[in-house]
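Residue numbers (the working numbering): 75 to 164.
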């Protein structure tokens, strides 16, 4: 990891942005240990995901197809009790 991202003289922390295929809670914890913040989408069926954040899905019909309608105007946050730096948002 140090060969790929050598320590920065200005800040010991870095930010990694991932897509949902590569992101997991285990990866986030490992990168946090190595002074990397991570942001990205985690699939809700992954191990370690905060189940309190998952909301019911609403569907509506558009052109005879069902499409998911995300809830608007609210945000749910769940903070990991062991690692307070790890927060899930929905």
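All C-beta atoms in this analysis are idealised placements derived from N, C-alpha and C, irrespective of residue type, glycine included. Bear in mind the structure is a predicted one, so any value in this text is a computation, not a measurement.
Looking only at C-alpha atoms, which of the options sits nearest to residue i?
i           : options            : result
residue 109 : 78, 88, 147        : 88
residue 104 : 162, 157, 163      : 157
residue 116 : 95, 160, 135, 133  : 95
residue 148 : 155, 137, 114, 163 : 163
residue 159 : 77, 102, 84        : 102
Which value, in whole angstroms, describes the spacing of the CA atoms of residue i and residue j?
i           : j           : result
residue 86  : residue 143 : 40 Å
residue 146 : residue 161 : 20 Å
residue 114 : residue 98  : 9 Å
residue 150 : residue 100 : 21 Å
residue 90  : residue 155 : 22 Å
residue 106 : residue 137 : 44 Å
Can you tell me whether DSSP reads residue i as helix, strand or coil?
i           : result
residue 53  : Lying before the first or after the last residue shown, residue 53 is absent from the chain, which here runs from 75 to 164.
residue 102 : helix
Taking 8 Å as the CB-CB limit, is residue i close to chain C?
i          : result
residue 92 : Annotation note: the requested chain C is absent from the structure, which comprises a single protein chain.
Keeping to the same chain, check which residues put their C-beta closer than 7 Å to that of residue i; ignore five residues upstream and five downstream.
i           : result
residue 133 : 140, 141, 142, 143
residue 92  : 112, 114
Quick one: what's got a C-beta closer than 6 Å to residue i's C-beta in the same chain, skipping five residues either side?
i           : result
residue 80  : none
residue 153 : 161
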